[in-house]
Amino acid sequence: MKPGADGQDFEFNVASSRVRITADGNHVLATGIYAPELRIFDLKELGMKCFRGLDSEAVDVLPLSEDWKKLVLLMDDRTLEFHSQYGRHHRLRIPKCGRSLSYESESCTLFVGGSSSSLYRLDLEAGTFLAPLDSKDLSEVNDVAVHPRLPVLSCCGDNGFVESWDLRAEKPLQSLKVDSDSSVQVTKCAYSGNGMFFAAGTSEGLVRVYDLRSSRPIAERDHMMNDYAISSLCFHSRGPESSDLLVASADKKSIKIWGATNGRIAASMESPAVVNQIAFYPNSGMLFAANDTQRLWSTSCPASALRRRGAPSWTISLRSWRKADRRLSSRTSSL
Numbered sequence: 001m002k003p004g005a006d007g008q009d010f011e012f013n014v015a016s017s018r019v020r021i022t023a024d025g026n027h028v029l030a031t032g033i034y035a036p037e038l039r040i041f042d043l044k045e046l047g048m049k050c051f052r053g054l055d056s057e058a059v060d061v062l063p064l065s066e067d068w069k070k071l072v073l074l075m076d077d078r079t080l081e082f083h084s085q086y087g088r089h090h091r092l093r094i095p096k097c098g099r100s101l102s103y104e105s106e107s108c109t110l111f112v113g114g115s116s117s118s119l120y121r122l123d124l125e126a127g128t129f130l131a132p133l134d135s136k137d138l139s140e141v142n143d144v145a146v147h148p149r150l151p152v153l154s155c156c157g158d159n160g161f162v163e164s165w166d167l168r169a170e171k172p173l174q175s176l177k178v179d180s181d182s183s184v185q186v187t188k189c190a191y192s193g194n195g196m197f198f199a200a201g202t203s204e205g206l207v208r209v210y211d212l213r214s215s216r217p218i219a220e221r222d223h224m225m226n227d228y229a230i231s232s233l234c235f236h237s238r239g240p241e242s243s244d245l246l247v248a249s250a251d252k253k254s255i256k257i258w259g260a261t262n263g264r265i266a267a268s269m270e271s272p273a274v275v276n277q278i279a280f281y282p283n284s285g286m287l288f289a290a291n292d293t294q295r296l297w298s299t300s301c302p303a304s305a306l307r308r309r310g311a312p313s314w315t316i317s318l319r320s321w322r323k324a325d326r327r328l329s330s331r332t333s334s335l
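Residue numbers (the UniProt record's numbering): 1 to 335.
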């Protein structure tokens, strides 16, 4: 698996920091630095739809609807920016610096984790702050993940802990000790799409996968890259069986895709630049990566790794565009 960059304008002035794919699969949201900006890419047109300059660097970006027309940005100056189709709709400040966003669509609640033991909540339907959830095991929150089918939220942070909450009762559930070393931070966490599995990555480059019915890991993968912290983590399904479930994990120098139930490597890539975030295109083997180069990487995993998922429909247009470009180049060189 090698990094690539497809489509027109899939680039930034210096580097890209975050990347998200909308639920409808038509657009890619990505943020960049120097100068801070948000770029929205249209995959059907294989080009940039629009870009918006930002007042400060974005720490995270999250779509709030099926498409790109409602989204929220977490900024490094403690502000949240809500954007609509016409541009920035509203901005507000949070008490502490934020690190991660997550959204629970059933209750229209936005969760913000950061450099505090408090998990901030915003009711987007009422437009008000709710009382924060105060952690007992974490002094800071690195990442937040909402269960896809249950009113359960999990957050990870210092002391090697992952703490989960029942959102209906607003009470903490049993905490999960991912690493026995209290100096190790849990940097990233994620739920699988079916809600049966949970993954957590640490500051030592170790990723562990859990069946929700047990506190013992069923699989793990050590990146073994000089103890680089896990910077991004997500699940990807290549079929209906649990054996078809994959985990994609990244540290700043490598991306690994491996079996969620057996830990076997399906694909691996050593990165020539720092990897900031990865995201799979739904129902395909296409992976996007925000990184410290101008180009927003997109790469297709080997067919042997994702044998039950084909290429996205928009790549047909991409192949036609590539062939036309090669023909034009050959004609130009012959003149």
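Yeah, the Cβ is synthetic: ideal placement off N, Cα and C, and Gly gets one too.
**Prompt:** What do you get for residue 128, buried or exposed, if any count of 16 or more other CB atoms within 10 angstroms of its CB means buried?
**Reply:** Here residue 128 refers to the residue found at position 128 when the sequence shown is read from its first residue. With fewer than 16 other Cβ atoms within 10 Å, it is exposed.
**Message:** Determine whether the beta carbon atoms of residue 278 and residue 266 lie at a separation below 8 Å.
**Reply:** Position 278 of the sequence shown, counted from the start, is the residue given in the question as residue 278. Position 266 of the sequence shown, counted from the start, is the residue given in the question as residue 266. Cβ distance not < 8 Å, so residue 278 and residue 266 don't count as in contact.
**Message:** Quick check: residue 110 and residue 124, are their CB atoms within less than 8 Å of each other?
**Reply:** Residue mapping note: residue 110 aligns to position 110 of the sequence shown, counting from 1. Residue mapping note: residue 124 aligns to position 124 of the sequence shown, counting from 1. Yes.
**Request:** Within the region 21-48, note down every full beta strand (DSSP E) run reaching 3 residues or more, in order along the chain.
**Result:** 27-33 and 37-42
**Item:** Pick from 194, 181, 122 and 185 that is closest to residue 147, judged by C-alpha positions
**Value:** In the sequence shown, residue 147 corresponds to position 147, counting from 1. With distances taken between Cα atoms, residue 147 lies closest to 194.
**Prompt:** Apart from the five residues just before and just after residue 187, which ones in its own chain have a Cβ nearer than 8 Å to its Cβ?
**Reply:** What you label residue 187 is simply residue 187 of the sequence shown in a count that begins at 1. Answer for residue 187: 142, 143, 156, 201, 202, 203, 229, 230 and 231, listed in chain order.
**Item:** Which residues DSSP lists as bridging residue 201, in chain order
**Value:** The residue you call residue 201 lines up with position 201 of the sequence shown. DSSP lists 188 and 207 as partners of residue 201.
**Beta-carbon gap between residue 61 and residue 31 smaller than 8 Å** = Along the sequence shown, one-based indexing puts residue 61 at 61. Along the sequence shown, one-based indexing puts residue 31 at 31. Closer than 8 Å, so yes.
**Reduced DSSP category for residue 244 - H, G, I as helix; E, B as strand; rest coil** = Sequence index remark: in the sequence shown, residue 244 carries index 244 (1-based). The answer is helix: DSSP assigns residue 244 an H, G or I state.
**Message:** Quick check on DSSP: helix, strand or coil for residue 218?
**Reply:** Here residue 218 is taken as the residue at index 218 of the sequence shown, counted from 1. In this structure, residue 218 counts as strand in the three-state DSSP scheme.
**Message:** One question on the structure: do residue 268 and residue 286 come within less than 8 Å of each other, judged by their Cβ atoms?
**Reply:** Taking the sequence shown and counting its residues from 1, one reaches residue 268 at position 268. Taking the sequence shown and counting its residues from 1, one reaches residue 286 at position 286. Not a contact, by the Cβ cut-off of 8 Å.
**Prompt:** Does the beta-carbon of residue 54 have 16 or more other beta-carbons within 10 angstroms, so that it is buried, or is it exposed?
**Reply:** The residue given as residue 54 occupies position 54 in the sequence shown. When all chains shown are included, residue 54 counts as buried.
**Item:** CB of residue 276 within 8 Å of CB of residue 290, strictly
**Value:** For the purposes of this step, residue 276 is identified with residue 276 of the sequence shown, where counting begins at 1. For the purposes of this step, residue 290 is identified with residue 290 of the sequence shown, where counting begins at 1. Result yes, Cβ atoms of residue 276 and residue 290 sit closer than 8 Å.
**Prompt:** Roughly how many whole angstroms lie between the Cα atoms of residue 160 and residue 174?
**Reply:** Residue mapping note: residue 160 aligns to position 160 of the sequence shown, counting from 1. Residue mapping note: residue 174 aligns to position 174 of the sequence shown, counting from 1. The straight-line gap from Cα to Cα measures roughly 14 Å.
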